[in-house]
Structures are given as structure tokens and as C-alpha cells.
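Asker: For reference, the structure I am asking about is given below.
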Amino acid sequence: MTEIHPGQRVAVLVDAQNLYHSAQSLYSRNIDYSSLLEKAVQDRQLTRAIAYVIRADAPEEESFFEALVDIGFEPKIKDIKTFADGSKKADWDVGMSLDAVTLANHVDTIVLCTGDGDFSRLCSHLRHEGVRVEVMAFESSTADELVDAADSFLDLDERRETFLL
661 MTEIHPGQRV AVLVDAQNLY HSAQSLYSRN IDYSSLLEKA VQDRQLTRAI AYVIRADAPE
721 EESFFEALVD IGFEPKIKDI KTFADGSKKA DWDVGMSLDA VTLANHVDTI VLCTGDGDFS
781 RLCSHLRHEG VRVEVMAFES STADELVDAA DSFLDLDERR ETFLL
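Each residue of the sequence shown is one higher than the one before, starting from 661 at the first, in my numbering.
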């Protein structure tokens, strides 16, 4: 499936941590989630928009989570884990992948907003199942294998004035 048409059912899955860290390290700016969602959907039929976020007990994060809802995202929130040695970890790779596989029977296209190469195998699986996979991320911080595994790739670097606040 390579064509985009208005009848396509689309799910948008956003790896918020990946995009946040890329935008901060590259441009010291934040993501414009409203523009991201609008471009991801492209006048198609939005079935589901999920933003995978981490709760790190920062003062502004609750208002960020509420803003995501106002934009049209369903935030899925995971608490950051702190280990005995003081290291911290939190990621949504498995949850995001499971949601994508579950949604595959209900959509024509899944838009993955991440540059994480761990999702390349997911792209291959979804495409094998007949789902169009589009990736939106900053090319300079996106794994080549993810770009290669997707049907299309939209480089946020090229339109940073649209996608960054």
C-alpha cells in the first residue's frame, strides 16, 4: 500500500521521549504536537492518536499531559523507574509495539513518530500484515534501519519551523 487517500484509517503513535530528546539536543526546542498530528493524519480518517509519555515528577508535566488531550492525543503515561544504583529507566518500546500490532487490524496506516531503530522490526511486521507504515522523526537522530523499514519517512529537520515551538 503506497498511496495516501482520504479514506485511509490512520493511527498515530508518538514516542514522546524520543522526539523530546531529539528536539532538545538538536535545537533546544520543544515539539509542536498539534502540527505533528495534523501532518501525520493528512486529511485522512484518524482512528487513534496515542502519545507515550514518561512521568518524571517535573512541575510542568501535568499541564503537558492535559495539552496532549486537548490536541487529540490519548496520553499513555509510565512512571520513571529509579534503580538502587541511582540509574533511571523508562521506555515505551514494548507497549508501543503491542499497540501497533493490536491496531494493525483496524487501520490502513500507522504513523510512528520516533527515530528509534528498535522499531524497524515492527515496521517490517506491520508492512507484512498489509499496513502502510510512515515514520516522522528528525533524520539526523533517526536510525537508518528504521527509515529503510518504513513505507515513507518525513524528516522533521526539513520543516522544523512547522514542528518545533
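Every residue, glycine too, gets a C-beta built ideally from N, C-alpha and C.
Quantities reported herein were computed from a predicted structural model and do not represent experimental measurements.
With a CB to CB cut of under 7 angstroms and the five nearest residues on each side skipped, what residues in its chain are close to Lys741?
Answerer: These residues qualify, in order along the chain: Lys748, Lys749 and Ala750.
Asker: Identify whether Val771 lies in helix, strand or coil by the three-state DSSP scheme.
Answerer: Val771: strand per DSSP, three-state reduction.
Asker: Can you give the Cα-Cα distance for Ser800 and Leu816, rounded to whole angstroms?
Answerer: Cα-Cα distance, rounded: 9 angstroms.
Asker: By Cβ distance below 6 angstroms, which residues in the same chain neighbour Met661 in space, the five residues on each side in sequence not counted?
Answerer: Note that Met661 has pLDDT 48, beneath the 50 cutoff, so the model's placement of it is unreliable and no number is given.
Asker: Could you give the DSSP three-state label for Ser695: helix, strand or coil?
Answerer: Helix.
Asker: Asp808: which of Glu789, Phe823, Gly775 and Arg820 sits nearest, CA to CA?
Answerer: Asp808 has its Cα closest to that of Gly775, out of Glu789, Phe823, Gly775 and Arg820.
Asker: Is it right to say Asn678 is buried, meaning 16 or more other beta carbons lie within 10 angstroms of its own, or is it exposed?
Answerer: When all chains shown are included, Asn678 counts as buried.
Asker: Helix or strand or just coil, what does DSSP make of Ile740?
Answerer: Three-state result, Ile740: coil.
Asker: Using only the alpha-carbon positions, how far apart do Ala764 and Leu786 sit?
Answerer: Cα to Cα, the separation comes out at about 7 angstroms.
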